[in-house]
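Listed in order, the protein sequences are those of chains F and W.
For reference, each letter of the first sequence is one residue, going 4 to 346 in this note's numbering.
For reference, each letter of the second sequence is one residue, going 4 to 346 in this note's numbering.
For every residue, glycine included, the Cβ atom is placed at its ideal position computed from N, Cα and C.
There are 2 protein chains.
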Amino acid sequence: MGGLMRRPTIVDIAKAAGVSKGAVSYALNGRPGVSEETRRRILAIASDMGWAPSSPARALSPGGRIGAIGLVVDRPAHSLGLEPFFMQLVSGIETELASSNNDLLLQVTEDMGAETAAYRRWSAERRVDGVIMVDLRVDDPRIGLVEGLPLPAVVLGGPEGAGSLPCLYTDDSVAMREVVHYLAALGHRRIVRVAGPEEFVHTRARTAAFLDAAEQAGLAEAYSVHADYTGEAGTRTTRRLLARTDRPTALVYDNDLMAVAGLGVAREMGVGVPSQLSIVAWDDSVLCRLVRPSLTAIARDIVSYGRLAAAMLGDAIEGRPVRNQETSRGELYPRASTGPMGA
Amino acid sequence: MGGLMRRPTIVDIAKAAGVSKGAVSYALNGRPGVSEETRRRILAIASDMGWAPSSPARALSPGGRIGAIGLVVDRPAHSLGLEPFFMQLVSGIETELASSNNDLLLQVTEDMGAETAAYRRWSAERRVDGVIMVDLRVDDPRIGLVEGLPLPAVVLGGPEGAGSLPCLYTDDSVAMREVVHYLAALGHRRIVRVAGPEEFVHTRARTAAFLDAAEQAGLAEAYSVHADYTGEAGTRTTRRLLARTDRPTALVYDNDLMAVAGLGVAREMGVGVPSQLSIVAWDDSVLCRLVRPSLTAIARDIVSYGRLAAAMLGDAIEGRPVRNQETSRGELYPRASTGPMGA
DNA sequence: GCCGTCTGCTTAACCGGTTCAGTTTCTGTG
DNA sequence: CACAGAAACTGAACCGGTTAAGCAGACGGC
Numbered sequence: 004m005g006g007l008m009r010r011p012t013i014v015d016i017a018k019a020a021g022v023s024k025g026a027v028s029y030a031l032n033g034r035p036g037v038s039e040e041t042r043r044r045i046l047a048i049a050s051d052m053g054w055a056p057s058s059p060a061r062a063l064s065p066g067g068r069i070g071a072i073g074l075v076v077d078r079p080a081h082s083l084g085l086e087p088f089f090m091q092l093v094s095g096i097e098t099e100l101a102s103s104n105n106d107l108l109l110q111v112t113e114d115m116g117a118e119t120a121a122y123r124r125w126s127a128e129r130r131v132d133g134v135i136m137v138d139l140r141v142d143d144p145r146i147g148l149v150e151g152l153p154l155p156a157v158v159l160g161g162p163e164g165a166g167s168l169p170c171l172y173t174d175d176s177v178a179m180r181e182v183v184h185y186l187a188a189l190g191h192r193r194i195v196r197v198a199g200p201e202e203f204v205h206t207r208a209r210t211a212a213f214l215d216a217a218e219q220a221g222l223a224e225a226y227s228v229h230a231d232y233t234g235e236a237g238t239r240t241t242r243r244l245l246a247r248t249d250r251p252t253a254l255v256y257d258n259d260l261m262a263v264a265g266l267g268v269a270r271e272m273g274v275g276v277p278s279q280l281s282i283v284a285w286d287d288s289v290l291c292r293l294v295r296p297s298l299t300a301i302a303r304d305i306v307s308y309g310r311l312a313a314a315m316l317g318d319a320i321e322g323r324p325v326r327n328q329e330t331s332r333g334e335l336y337p338r339a340s341t342g343p344m345g346a
Numbered sequence: 004m005g006g007l008m009r010r011p012t013i014v015d016i017a018k019a020a021g022v023s024k025g026a027v028s029y030a031l032n033g034r035p036g037v038s039e040e041t042r043r044r045i046l047a048i049a050s051d052m053g054w055a056p057s058s059p060a061r062a063l064s065p066g067g068r069i070g071a072i073g074l075v076v077d078r079p080a081h082s083l084g085l086e087p088f089f090m091q092l093v094s095g096i097e098t099e100l101a102s103s104n105n106d107l108l109l110q111v112t113e114d115m116g117a118e119t120a121a122y123r124r125w126s127a128e129r130r131v132d133g134v135i136m137v138d139l140r141v142d143d144p145r146i147g148l149v150e151g152l153p154l155p156a157v158v159l160g161g162p163e164g165a166g167s168l169p170c171l172y173t174d175d176s177v178a179m180r181e182v183v184h185y186l187a188a189l190g191h192r193r194i195v196r197v198a199g200p201e202e203f204v205h206t207r208a209r210t211a212a213f214l215d216a217a218e219q220a221g222l223a224e225a226y227s228v229h230a231d232y233t234g235e236a237g238t239r240t241t242r243r244l245l246a247r248t249d250r251p252t253a254l255v256y257d258n259d260l261m262a263v264a265g266l267g268v269a270r271e272m273g274v275g276v277p278s279q280l281s282i283v284a285w286d287d288s289v290l291c292r293l294v295r296p297s298l299t300a301i302a303r304d305i306v307s308y309g310r311l312a313a314a315m316l317g318d319a320i321e322g323r324p325v326r327n328q329e330t331s332r333g334e335l336y337p338r339a340s341t342g343p344m345g346a
C-alpha cells in the first residue's frame, strides 16, 4: 500500500534541489527569478516526485483561487435525470475547465431557498471561485444576492433580469418563427404551446416570440399553457388540450420530456401523430430520435453553450472584462411527428 | 455593492471578543478550553459577522479535510442525460453530504484514462477527501490505482473485483429470477437479454443470474447479447434480434434507454408489443412510464443507494471501519409492455 | 500556608503554498 | 578599477485556520 506515503511538497523539492522553497515556487510557476538550468532541474525533480500543488494551500495565499466553480440545478431530481440539457451543459462546462485544471461542484436542490443557501455557503467558505446560474427567473432573488457577494457569476439567460451580472443567452425568436411558420405552412391553424414555468425569463421570451410569430402567420388562435417540465405535467396538460372540442392540431413543447409524454397521451386517446396532431419538441435529444414517430425538434448546441459560459466565468474570475454574449440559435429538425393534417 | 467587503476571519472575531484566535477556534468547534459564557459571546459575534470557516484553511491544517468528495461518470455525455440513474444517485449522495456541509465534485469523462487521471489529480491536489466509483469493471485498473493512493474510496459494485476497497452492491439474482419466471409464466420460451457492456462486473453477475434463472425455468434458448447502454446500440441490437427467424418473444434490457429504443424498433418492424413481443427494462424511470405501451420495469431505490454510498465513504474518510454492504433488491413493476403472446 | 490540580485562556508552531524585500554574485561600462 | 544594474536566489511574512504547550489564577486538601 503506497497509500500511506506522504505527498511531496515544494519543501521536499527545495531540499532535493538544494534551493529555497521560494525559488521552487518561481520555477514551478514559470516566473522569472530562477535560471533556465535551475528551472529545468526543479521541474524534473517535481515530476519525479509526482508533485502537484495543494489546491487548499494555493487558495489560501492572498488573491489565491481554489480552482473550482459551482453549478446548482434546481429541479426535482426524478425529472432531472431525463433532461439531456443539464448533462450536456455540464459536459461543455467541463471541457472548458479541464484545460485549466479546474473542477466543477454540482449541487442538485429542490427549491430556491436551498439554492441561495448554496451560493452563500460556497462564497463564505471559499469553496468556489465563481458560479454559473441557470433558469433565470423574473425578479430572481439570486441576482441581488450574488451581486452583493464576493462571488463572480455568469447567468445563463437574460439579458433582462440579469442585473449587473454578465450573461449568456439565446435569442429564441428566430427559431420560434421558423417553427410557427413551418407548422402554418403545413396547414395548421390551431397551434398550442406547452411551455415551461412562467417564472422563467426564457419561457416568457419564448411566449412573446410565439405570439409574435403566430400573429405574423395570421394565426389568431395560438396560445401557450404553462407546465413544469415534468412528464406528469406534460401528460396532464396534453390530455386536457386534446379533450377540447376545438382541439389543437399542433403542439409545441418547451422540452423533450413533455413532448414524449404528449406523444403517449395522443396514442392513448387514439389521436394519430402526425395525421391528426403534429408535435414539436424544443431541445433535441436522443429521446426525440428514439420514440416512434420520432419527434421533430429544435436543436441547440448545448455543449458549446456550457463551454462558453465556463469561459466567460473564467474571465470574470480573473478580473478580465466580460461582455454579455448571445449564443448560436436553435435550428429546426423536422422528423416524423409533424406533417399536414390527415396525411 | 457589498461585494468588496472582506470576509470575516477568526482573527476579526477574536478582536471583537477581546480574546485570542485560539480561544475562538475552541469556541467555534465546541471543544473544551473556553467558558460557556465566552463561548456564547464568540458564537454570537461569529453569527453577527456572518462568519463561515474557510475550507481551504481548514484543509491545510494537519489532518484537515477539504469537505468534498468526487464522482467520475465515465459514459458518453449524450447518452448520459437520459439515464435517471446518475442524477438519482447524485441526489442521494448529496442528501447525505448536506448534513455535514460537504460538497460533490462531478466529472464527466469519455474514457477510463481520463477517469484515472482525475483520481490522481484529485488526490495529489487534495481536492477531495474521497471518491465514489461506479461501473466496476472486470480487472478494473481503478482499483489498484486508488488502493495505492492516499484516497479513501467506496466502490459501487462487487464485491468481487473491488480489491481491498469497501463496496456497496446489489444482488440482482433474485430480481432476475422474478423477471424470468414471470415471462416464462406468460408462456415465453425465447427470452433474450440485451445486456450492458460485458466488462462491467454487474453485467456479468446479471448474465450469470439470467442463465441460472432460465435453466431453472427450463428455458434452453435464453441468452444475452451485449450492447453499450446507448439508444443507438439498443436500436441496432433489437433490429438484429427481431430479424431472426427464431425471433425472441421477450426482451429484457439492462437499462431504460435501450428498452425505449427497442420499443421503437418493434413499432418500426410492425411487431406488436406486447402481443408479439414483451419488453422489460432494468431500472425504472419516468421514461418507462411515459412511452406507450408503458414499460414493465425493475425498480431499485437508487437515491438510497447513493445516500448509503456517501455515508460509507464518510466513515472511511473519518477512519472508521467500513463493512461491505448489500442494498435493497430490485422489484418488478409489470406494466403494459409485457403479456402473453397473441393477447 | 503550601502544594497540586483544574479551568480558561494565550502563545506559537504548523499546514503548503505565494510573494515581497533583501542579499549575493555576475556582467558590463566609463 | 570602481560602480551600477541586472540576474539568481534566500529569508521571512502571510493567507486562515488547528492544536500542542505554556501559564496565570482560583480552588481544594492536608
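Looking at the backbone, the Cα of F89 (chain F) and that of R123 (chain W) are separated by about 26 angstroms.
The Cβ of V75 (chain W) sits no closer than 8 angstroms to any Cβ of chain F. Rounded to the nearest whole angstrom, the C-alpha separation of D249 (chain W) and G267 (chain F) is 31 angstroms. With contacts defined as CB atoms closer than 8 angstroms, V183 (chain F) and T241 (chain F) fail to qualify as a contacting pair. With the rule of 3 Cβ pairs closer than 8 angstroms, the stretch 7–16 of chain F counts as touching the stretch 46–60 of chain F. Looking at W:D257, W:L260, W:M261 and W:A246, the one whose alpha-carbon comes closest to that of G273 (chain W) is W:A246. Chain-order list of chain W residues neighbouring E334 (chain F): empty, with the shortest C-beta distance near 17 angstroms, by a criterion of under 8 angstroms. Nearest to T233 (chain W) by alpha-carbon distance, out of W:D257, W:L244 and W:N327, is W:D257. Listed along chain W are A71, D106, L107, L108 and L109, each with a C-beta nearer than 9 angstroms to that of L108 (chain F). Residue contact with chain F for A236 (chain W): absent (no Cβ-Cβ distance below 8 angstroms to any residue of chain F). In the structure shown, T112 (chain F) adopts extended strand secondary structure according to DSSP, grouped into three states. Across the structure, D215 (chain F) and L298 (chain F) are spaced so that their CA atoms are roughly 24 angstroms apart. Going by beta carbons, I301 (chain F) and L335 (chain F) fall inside the 8 angstroms limit.
As the crow flies, the alpha-carbon of W285 (chain F) is around 7 angstroms from that of V255 (chain F).
Here M136 (chain F) is bridged, per DSSP, to F:V158. Per DSSP, reduced to three states, the secondary structure at L189 (chain W) is coil, with no helix or strand assignment. For A62 (chain W), the nearest CB of chain F lies under 8 angstroms from its own CB, placing it at the interface with that chain. Taking C-beta atoms as the reference points, R332 (chain F) and D174 (chain F) count as a pair closer than 8 angstroms. The shortest C-alpha to C-alpha distance from G116 (chain F) to any of F:S103, F:D77, F:R338 and F:L152 is the one to F:D77. Our two residues, R192 (chain F) and A225 (chain F), have alpha carbons roughly 8 angstroms apart in a direct line. Straight-line spacing of the CA atoms in R129 (chain F) and A220 (chain F) works out to 52 angstroms.
Residue range P87 to A101 is occupied by the alpha helix (DSSP H) that includes V93 (chain W). A distance below 8 angstroms between beta-carbons, with the five flanking residues on each side excluded, links R68 (chain F) to the following residues of its chain, in chain order: R61, A62, D132 and I320. When DSSP states are grouped into helix, strand and coil, Y256 (chain W) belongs to the strand group.
R129 (chain W) reaches chain F at S57, S58 and P59, counting residues in chain order whose Cβ is nearer than 7 angstroms. Ranking W:G161, W:D51 and W:A212 by CA distance to the CA of E181 (chain W) puts W:A212 first.
Counting along the chain, no beta strand (DSSP E) covers V22 (chain W), and no H or E run does either. Take S103 (chain W), set aside five residues on each side of it, and no residue of its chain has a beta-carbon closer than 6 angstroms to its own. Under a 10 Å Cβ-count criterion, P35 (chain F) is classified as exposed, with fewer than 16 other Cβ atoms of the shown protein chains found around its own Cβ.
Not a single CB atom of chain W sits nearer than 8 angstroms to the CB of S50 (chain F). Inclusion of L222 (chain F) and A188 (chain F) in the CB contact set at 8 angstroms is not warranted, their separation being larger than that value. Taking each of W:A17, W:V22, W:A49 and W:P162 in turn and checking the Cα distance to L171 (chain W), the smallest one comes out for W:P162. Within the stretch 269–337 of chain F, the runs of beta strand (DSSP E) that reach at least 3 residues and sit entirely inside it are, in chain order, 281–285, 299–302 and 334–336. Taking the CA atoms as reference points, A217 (chain W) sits about 13 angstroms from G190 (chain W).
By the Cβ-count criterion, R43 (chain W) is exposed, with fewer than 16 other Cβ atoms from all chains shown falling within 10 Å of its own Cβ. Sequence-distant partners of G199 (chain F) (beyond 5 residues in either direction) whose C-beta falls short of 6 angstroms from its own C-beta, in its chain, are T206, Y232 and D257.
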